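Take a look at the structure set out below.
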Amino acid sequence: MESSLQMKVVQAIHVLNQDTESCNRVAANQWLVQFQQADSAWDVAACILTSDHNQQQQTSTHQHSLPYEAEFFAAQILKRKWALSLKTRVSSACGVLTSSHNISIEPINLPCHSSIKSPIAV
348 MESSLQMKVV QAIHVLNQDT ESCNRVAANQ WLVQFQQADS AWDVAACILT SDHNQQQQTS
408 THQHSLPYEA EFFAAQILKR KWALSLKTRV SSACGVLTSS HNISIEPINL PCHSSIKSPI
468 AV
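Everything in the sequence shown is counted per the working numbering, starting at 348 for the first residue and increasing by one.
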């Protein structure tokens with residue numbers, strides 16, 4: 348099943364980047380946005396990123412079977428999902444800490460970062 352979903356992703360990326368019909372590009376974009384939010388996106392993205400490596404080890408030629416756009420998209424999916432997962436876990440941990448230890452957390456603004464939360468009273 349992952350293989351067919353992987354091919355759908357590659358086809359949607361191709362349509363998004365190459366199709367001359369704007370309605371097709373819009374539909375492909377909408378499908379890709381929904382796909383990125385699915386749990387299966389983790390596995391499909393990992394498969395896209397590792398499939399060329401596995402094929403290159405099996406053959407002596409260095410032909411790319413997947414377009415670079417698909418690999419870039421897969422890398423973006425993993426980056427976004429990992430960042431969102433980390434942000435969710437940090438927010439959850441801050442909530443647990445503040446409620447269990449009655450810690451006051453206020454934002455600190457630094458010139459190079461948007462906002463960092465830091466405990467100011469324990």
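Cβ atoms here follow ideal geometry from the backbone N, Cα and C, with glycine treated the same way. This one's a predicted model, so the numbers in the text were calculated from it and none came from an experiment.
The Cβ-Cβ distance between Ser-398 and Leu-413 falls below 8 Å. Closest option to Arg-372, judged by alpha-carbon separation, among Gln-423, Gln-358, Val-391 and Lys-434: Gln-358. Annotation: the continuous alpha helix (DSSP H) that includes Leu-379 extends over 369–384.
Asp-390 sits in a helix when the DSSP states are folded into three classes. DSSP places Leu-425 in the helix class (H, G or I) of the three-state scheme. One alpha carbon belongs to Phe-419, the other to Phe-382, and they sit about 15 Å apart.
With distances taken between CA atoms, Ile-424 lies nearest to Asp-386 out of Ser-439, Asp-386, Arg-436 and Met-354. Remark: C-beta atoms of Lys-428 and Trp-378 do not approach each other more closely than 8 Å.
In the three-state scheme derived from DSSP, where H, G and I count as helix and E and B as strand, Leu-413 is classed as coil. Distance between Ile-395 and Lys-434, taken at the CA atoms: about 25 Å. Going by beta carbons, Ile-360 and Ala-422 fall outside the 8 Å limit.
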